[in-house]
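Residue numbers (our numbering), protein chains in the order written: chain A, 103 to 645; chain B, 103 to 645. Every residue gets a Cβ at the ideal spot worked out from N, C-alpha and C, and that includes glycine. Worksheet for the structure shown next.
Number of protein chains: 2
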Amino acid sequence: MFQGLMQHHPLMISSILEFAERWYPNVEVVSRTTEGPIHRYNYQQMGRRARCIADALAKLGIEPGDRVGTLAWNGYRHMELYFGVSGSGAVLHTVNPRLFAEQLIYVIDHAGDKVIFTDLTFVPLLEGLADQLPNIEHFVIMTDRENMPQTKLKNVLCYEELLEQGDENYQWPEFDETAASSICYTSGTTGNPKGVVYSHRSSLIHALGASVPNGLGLSGNDSILLVVPQFHVNSWGVTYAAPMNGCKLVLPGPAMDGASIHQLLDEEKCTLSLAVPTIWMMLTGFLRESGATLPHMKRVVIGGSAVPEAMIRSFEQDYDVSVIHAWGMTETSPLGTLNFLMPHLQDLDYEAQLPIKLKQGKSVFGIDIRIVDDENKVLPHDGVAFGKLQARGHWVTSGYFNDDSQDPVADDNWFDTGDVATIDHDGYMMITDRTKDVIKSGGEWISSIELENMAVGHSAIAEAAVIAIPHPKWDERPLVVAVKEKGATIEKQELLDHLATGLAKWQIPNDVVFVDELPHGATGKLNKLQLRLDFSDYQFPDA
Amino acid sequence: MFQGLMQHHPLMISSILEFAERWYPNVEVVSRTTEGPIHRYNYQQMGRRARCIADALAKLGIEPGDRVGTLAWNGYRHMELYFGVSGSGAVLHTVNPRLFAEQLIYVIDHAGDKVIFTDLTFVPLLEGLADQLPNIEHFVIMTDRENMPQTKLKNVLCYEELLEQGDENYQWPEFDETAASSICYTSGTTGNPKGVVYSHRSSLIHALGASVPNGLGLSGNDSILLVVPQFHVNSWGVTYAAPMNGCKLVLPGPAMDGASIHQLLDEEKCTLSLAVPTIWMMLTGFLRESGATLPHMKRVVIGGSAVPEAMIRSFEQDYDVSVIHAWGMTETSPLGTLNFLMPHLQDLDYEAQLPIKLKQGKSVFGIDIRIVDDENKVLPHDGVAFGKLQARGHWVTSGYFNDDSQDPVADDNWFDTGDVATIDHDGYMMITDRTKDVIKSGGEWISSIELENMAVGHSAIAEAAVIAIPHPKWDERPLVVAVKEKGATIEKQELLDHLATGLAKWQIPNDVVFVDELPHGATGKLNKLQLRLDFSDYQFPDA
Chain A
103 MFQGLMQHHP LMISSILEFA ERWYPNVEVV SRTTEGPIHR YNYQQMGRRA RCIADALAKL
163 GIEPGDRVGT LAWNGYRHME LYFGVSGSGA VLHTVNPRLF AEQLIYVIDH AGDKVIFTDL
223 TFVPLLEGLA DQLPNIEHFV IMTDRENMPQ TKLKNVLCYE ELLEQGDENY QWPEFDETAA
283 SSICYTSGTT GNPKGVVYSH RSSLIHALGA SVPNGLGLSG NDSILLVVPQ FHVNSWGVTY
343 AAPMNGCKLV LPGPAMDGAS IHQLLDEEKC TLSLAVPTIW MMLTGFLRES GATLPHMKRV
403 VIGGSAVPEA MIRSFEQDYD VSVIHAWGMT ETSPLGTLNF LMPHLQDLDY EAQLPIKLKQ
463 GKSVFGIDIR IVDDENKVLP HDGVAFGKLQ ARGHWVTSGY FNDDSQDPVA DDNWFDTGDV
523 ATIDHDGYMM ITDRTKDVIK SGGEWISSIE LENMAVGHSA IAEAAVIAIP HPKWDERPLV
583 VAVKEKGATI EKQELLDHLA TGLAKWQIPN DVVFVDELPH GATGKLNKLQ LRLDFSDYQF
643 PDA
Chain B
103 MFQGLMQHHP LMISSILEFA ERWYPNVEVV SRTTEGPIHR YNYQQMGRRA RCIADALAKL
163 GIEPGDRVGT LAWNGYRHME LYFGVSGSGA VLHTVNPRLF AEQLIYVIDH AGDKVIFTDL
223 TFVPLLEGLA DQLPNIEHFV IMTDRENMPQ TKLKNVLCYE ELLEQGDENY QWPEFDETAA
283 SSICYTSGTT GNPKGVVYSH RSSLIHALGA SVPNGLGLSG NDSILLVVPQ FHVNSWGVTY
343 AAPMNGCKLV LPGPAMDGAS IHQLLDEEKC TLSLAVPTIW MMLTGFLRES GATLPHMKRV
403 VIGGSAVPEA MIRSFEQDYD VSVIHAWGMT ETSPLGTLNF LMPHLQDLDY EAQLPIKLKQ
463 GKSVFGIDIR IVDDENKVLP HDGVAFGKLQ ARGHWVTSGY FNDDSQDPVA DDNWFDTGDV
523 ATIDHDGYMM ITDRTKDVIK SGGEWISSIE LENMAVGHSA IAEAAVIAIP HPKWDERPLV
583 VAVKEKGATI EKQELLDHLA TGLAKWQIPN DVVFVDELPH GATGKLNKLQ LRLDFSDYQF
643 PDA
C-alpha cells in the first residue's frame, strides 16, 4: 500500500487535557463539592493535578490495564481521575452508586477493580459492602485531611494526601490508541450488568463527533452545566468534549434539586446543560414556583428517555431555550442521534415543527443506524415502517467485558439496541418501543408505547401500560392495564372505542383491565417485567 | 495491553460520502460549469456517480496506490474524483494549473500520475505539454460527448462516457487508514515543488477537527460557497468537511470575479464562504460599485495571507459578515489556527477587538503550535517574543514525497513552517514575518514586515520592502527599499526619523534606498528573492 506521509500520533485521552491546559489555561472549572462549598479552578490547575494523581497511582502500584473504580458525583476530583487514570494507561471504572448492593459487588468484582475512589457520600455504603470486596487494595476518600471521616473501611487513603505524593512533572505516556480507557456497566432490568469497555480511540473520535454543530455544538463560548452523572457513559462524553473545546465546565456535585441547579445555571452563566427529563421536571417546577428565568441558557440537551412535548414547549416558549433531543446508550458511547431541524423544516410554523422535535433525531458522522425486521431485512426511511434499531460505528461496542454468552454484533457489526424505531425520509429516527415490549401479532408489530399514549389521552385514564398476551391464533395480542383518574368512571368498551378512533382494526387491544396502581422501579419507571409476571396467568376472554 | 471493546472501522474518505448520501441525500451541490450553465444535483447523485467513476477507473487499470492527476476548477465532477479516486484506494493528485509549464511537467512526472483528468479550460495547456508527459496513459476531459473539443491530445477519453462504463453498485473497499489519499505540491518560490501526501486518517481527523464551532463550525444550516480552489489543499479540507456535515455546497468553477461570486452568494443563499484576500478585494470592490449587499452570508473565512484591517472592517461593519481569520499551509492540511474571540474578548469594544482579529488565531484540537528561537528553545506566550513557528499534530506532514534531502520534522515531529510569529497570553498567534525575511542583528531578530508597515504609514511612501544586508559587526542589518507616492518628496533622513518614533534604537534601519518600482511575482506578491538579488552588491554607507 502507498502510505500517506502524515505524522502518526495515537489518539490519546491525555492529549485532550494537554490541549486545554495549553490553549485554555484560565478557563474555569466550577464544582459544587460534597463537603459543601463551591470550588473553582481552571484547566491549568486540573492538568497539573491530573498528572500528580497519575504519578501517585503509579507509585501505589497501579499499572497500565489495571482497573480503578470510582463512586463519585460530578466534580473536579472526578475529572482529575478521568484523565489521571486513563491518561496513565489504567482503566477507569465509573461505578453507578445507585445500583443495588448485590449489583455493586458484582460490577466491582467483575471489572477487577484494585482501588476504589469514593466521595464522602458513599463511604457508609462501601462500609456495608467492604467484606464482600476482598480484592480492593485501597479505598481513597475524595476529600482533604480536614474532612476525612471516621470509617470502618480498611486500607483507607485521603485523596489530597495521595495527590501530594505525585510529581506534577509526570509525562503522559503514549501507547496503542485501541487500549481500554474506561468501563461503564449497563444497568439492565434483567440479568447481570454488562461491561462496555471504551478505548482511547473511540472516546476521542466520539468527543470530536459530538462537538460539531449538528451534534452538541461545543465551543469556547459555552459554559456547560454537566448534570448527567459522570458514571453515566462519561457524562455522555462531555467529560472529554468540554476541555477539547475550551468550554467552561460547571459540575453540580450531589445537589440535583431545582433550586440548586438553577443557582449554578444563573451564577455561572451557563449556556448549555445536559440531563435526563426527570431533572428538567424538577427545574421547570422550581422555575414556575419561584418565577425565576433562564437568561443565559441557550440550549438544553435531553436524553435517556423520550422528551415529553410539554417539556419542549416549556423550555422553548416560556424560557427561550432550544431543546436538543438526543438518543444513545452505554453501548454507543452514547451519542447516536441528535435532533436539530434541517433548513427546510425551520420554515415550518412551531406547531408543525413539534412532531419532528419529538423524534430522537439524526445520526451524527461517526455512527450509522438502521431499522430491520425480524429477518434482519432493512426497512425503508418512510416514517411508517418500524423495526429493530441497530447501530454501527467508530464508538459502538463490539462486545461485553468477560462475557462470551452472546455476540451482540454478529451481523457485520450492526449492534442491536433493543429499541424499535421508525426513520422518516429526512432521516429523523423515532423510538416507538422496546423490542421486548412490542406486540407481535400475526407477523405485524404493534407498538405498546403508541397504545399507551393513546390510552392516557382519554381524560378518565391516569396511567396505562400495554403488554403482549399469548394468543392461540395471532401469537400475541395487546392487553391494556390502566389506572383510572381519581373519581373518574369509565368502562372497558368506552376505552376500546376511544382507541379504535386512531387505530387500524388489527391494532385494537383485545381487552382492558383496570387496576389501582401499576408497578414502578426505583427510578419511577414503569416496570413492565413485573407487570408481565403479574399477568402471566391472564387469558383473553375470547381465548 | 488491555484492549477496548469498541468496533474498529478504518477512517475512510469514502465513509464521508456514504454518510452524506445516506443522511443528507437531497442536500444540493450547485456548480458553475466550465461549459457555462449552472449544474444542480444532490449528494445521493454524487454518491452514485462517484461509485461509477471509481469502478470505471478500476476497469481502466488504475490500482490502489496509483496516482490520478486533475487540472480542474471547483465543480461537481472534481468532487466525484475526490471520492471516486481516493475512495477506491488510488491517490488523487490535484495539480495547480497556475504553475509554470516546467513546474507542471515536474509535478506530474514526480508524482507518477498515470491518468490526468482535465477541465476544458486546460486542454490547450496540456496539448503544449503532452510531449513531455510520456507516462500519462489517458487524458480524460471533464465534459460530456456534446462538449468534447477537437484536440491534439492522444489517448483522450470523455468523462461522461467513462463514467457510463462504471457500475453504480460498486462497493467502497476498506483498507489501512494510513494509506495515501491525495497529494498536493507546495509552490515554493525556490527549488522544485515538494509533494505533501495526505492519508485517509489525516484527512478524516482534519475534517472533524475543522468542523467544530471553534473551527469552521459547519452544519446542516450552511450553504457554502467554496471559492478556495480544490487544488489548494483540498479546498482547505472543506471538500471533505462539507458532506460530512450535510452542508449545501456551491462550486464557482472558473468565474472568480466579484459579480459572478456575488451572484452565487445571493442566489444560493450562501451562509459561509472561504477564499484568499485577493478574491474578497474583488468582491468588496463589486459591492461598493453596484450597491449590492450580502443578506444571507454570516461568516467569511479568509486565509492564505494576512487579512488587512480594512477588509475586516468592511465585512463586519458594512455587510454584517463575521470574519474568521485563518492560518495554515499545504503541510498542515491546512488548518493550523482560526481566529474566534474568547468570551472575555467579546466584551471589548470593536476598536479594541480589531488588533486581536488581525492575528491568525488559536490552535484547534488536533494540531499544536509553538514558537522557538534559533536554538529551538521554546519562547513564551507573551505576545512580544517572536520566533520560528512550528506545528505538530494528526494532520501535519512527516516528510515530502520522494524527497530525502531533508527531514522537516527532525525535532520530535515539530514541523518548521518557515514563518516567524508571536503567541499572546490568550493563545492568539500572529505571523510577523517569514523566517528567511527576518533580519538577524547581533542575536536579536527584527521583523521586516513590521518595518515595512511603519514605512508605508508615512504619507509620502507608496510601497516599501525591508531586506537584510550583511554587516561586519551585527551579521545583518535592515535596509529599506521604498517607492515614493506619485509627486511626493521625502528624504532618507525624514523616513528614518519617522521610523525612529516607534522603534528601539537597534531596530532602526541603517539606510534607505528609493526606487521607481519593486519587483513583484505573477500573483502580485512582493518578490523579495529578486530584490535580494538586485541588492546583492549593496553595502551600507558605514560598512
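{"Check": "Run through the stretch 525–596 of chain A for me and flag every whole beta strand (DSSP E) of 3 or more residues, listed as ranges in chain order.", "Outcome": "531–536, 541–543, 546–548, 563–573 and 577–586"}
{"Check": "Give the straight-line distance between the Cα atoms of M531 of chain B and Q492 of chain A, rounded to the nearest whole angstrom.", "Outcome": "45 Å"}
{"Check": "Could you tell me whether the Cβ atoms of D618 of chain A and V585 of chain A are closer together than 8 Å?", "Outcome": "yes"}
{"Check": "In the DSSP assignment, what residue or residues form a beta bridge with E204 of chain A?", "Outcome": "In the DSSP output, where bridge partners are listed per residue, E204 of chain A has none listed."}
{"Check": "Going along chain B, which residues have a C-beta under 9 Å from Q109 of chain A?", "Outcome": "S304, R494, G495, H496, W497, V498, T499, S500, V511, N515 and F517"}
{"Check": "If you draw a straight line from the C-alpha of M399 of chain B to the C-alpha of L367 of chain B, how long is it?", "Outcome": "7 Å"}
{"Check": "Counting C-beta neighbours from all protein chains within 10 Å, is the total for V663 of chain A 16 or more, i.e. buried, or is it exposed?", "Outcome": "A query on residue 663 of chain A cannot be resolved here, the shown segment of chain A reaching from 103 to 645 and no further."}
{"Check": "Considering only their Cβ atoms, is the gap separating T439 of chain B from K459 of chain B smaller than 8 Å?", "Outcome": "no"}
{"Check": "When you compare only the Cα positions, how much space is there between M114 of chain A and D157 of chain B?", "Outcome": "37 Å"}
{"Check": "Tell me whether D422 of chain A is buried or exposed, calling it buried when 16 or more other Cβ atoms sit within 10 Å of its Cβ.", "Outcome": "exposed"}
{"Check": "Just to check my reading of the structure: P331 of chain A and N176 of chain A have Cβ atoms closer than 8 Å, yes? What is that Cβ distance to the nearest angstrom?", "Outcome": "6 Å"}
{"Check": "Please say whether Y184 of chain A and T386 of chain A have beta carbons closer to each other than 8 Å?", "Outcome": "no"}
{"Check": "Just tell me which of B:R415, B:G167, B:Q462 and B:K296 has its CA closest to the CA of M103 of chain A.", "Outcome": "B:G167"}
{"Check": "Just the C-alpha distance for P482 of chain A and P621 of chain A, rounded to the nearest angstrom, thanks.", "Outcome": "36 Å"}
{"Check": "Near P646 of chain B, what residues of its chain come up, given a Cβ to Cβ distance below 7 Å and the 5 sequence neighbours on each side ignored?", "Outcome": "Because chain B here runs from 103 to 645, residue 646 of chain B falls outside it and cannot be looked at."}
{"Check": "Give the DSSP-derived three-state secondary structure of W429 of chain B in the structure shown.", "Outcome": "strand"}
{"Check": "Give the interface partners of T280 of chain A over in chain B, defined as CB-CB distance under 9 Å, in chain order.", "Outcome": "M103, Q105, G106, M108 and H110"}
{"Check": "V615 of chain A lies in the beta strand (DSSP E); which residues open and close that run?", "Outcome": "D613 to F616"}
{"Check": "Under 8 Å between the Cβ atoms of E587 of chain A and A557 of chain A?", "Outcome": "no"}
{"Check": "Just to confirm the assignment, what range does the alpha helix (DSSP H) spanning G360 of chain B have?", "Outcome": "G360 to E369"}
{"Check": "For the stretch 470–490 of chain A, which residues have a CB atom closer than 8 Å to at least one CB atom of chain B, in sequence order?", "Outcome": "D470"}
{"Check": "What are the boundary residues of the beta strand (DSSP E) that D470 of chain B is part of?", "Outcome": "I469 to V474"}
{"Check": "What's the gap between the Cα of D420 of chain B and the Cα of L389 of chain B?", "Outcome": "10 Å"}
{"Check": "In three-state DSSP terms, what is E477 of chain B?", "Outcome": "coil"}
{"Check": "Once the 5 residues before and after L92 of chain B are set aside, which same chain residues still bring their CB inside 6 Å of it?", "Outcome": "Only positions 103 to 645 of chain B appear in the structure, and residue 92 of chain B is not among them; the question remains open."}
{"Check": "Is D644 of chain B helix, strand or coil by DSSP?", "Outcome": "coil"}
{"Check": "Rank B:Y272, B:V258, B:L206 and B:C349 by C-alpha distance to the C-alpha of G297 of chain B and give the top, closest one.", "Outcome": "B:L206"}
{"Check": "Could I get the ranges of all uninterrupted alpha helix (DSSP H) runs contained in the stretch 122–208 of chain B, with 4 residues as the minimum, in chain order?", "Outcome": "145–161 and 178–189"}
{"Check": "Hey, would you say V217 of chain A sits closer than 8 Å to H180 of chain A, going by beta carbons?", "Outcome": "no"}
{"Check": "May I have the straight-line CA-CA distance separating E276 of chain B from I551 of chain B, to the nearest angstrom?", "Outcome": "48 Å"}
{"Check": "Which same chain residues end up closer than 8 Å to G655 of chain B when comparing Cβ atoms and leaving out the 5 residues on each side of it in sequence?", "Outcome": "Look at the range of chain B in this structure, 103 to 645, and you will see that residue 655 of chain B is not part of it."}
{"Check": "From A:L235, A:L194 and A:I548, pick the residue whose C-alpha is nearest to that of I285 of chain A; which is it?", "Outcome": "A:L194"}
{"Check": "Chain A partners of G529 of chain B, CB-CB under 7 Å?", "Outcome": "W125"}
{"Check": "Just to make sure I have the definition right: I need the residues of chain B whose C-beta is within less than 7 Å of the C-beta of L323 of chain A. Which are they?", "Outcome": "Checking the displayed sequence, the identity of residue 323 of chain A turns out to be Asn instead of Leu. Ordered by position in chain B, the residues that pass the 7 Å Cβ test against N323 of chain A are P445."}
{"Check": "Do A152 of chain B and V170 of chain B have their beta-carbon atoms positioned less than 8 Å apart in this structure?", "Outcome": "no"}
{"Check": "Taking the alpha carbon of N336 of chain B as the point to measure from, which residue in B:G317, B:A590, B:S188 and B:I533 has its own alpha carbon closest?", "Outcome": "B:S188"}
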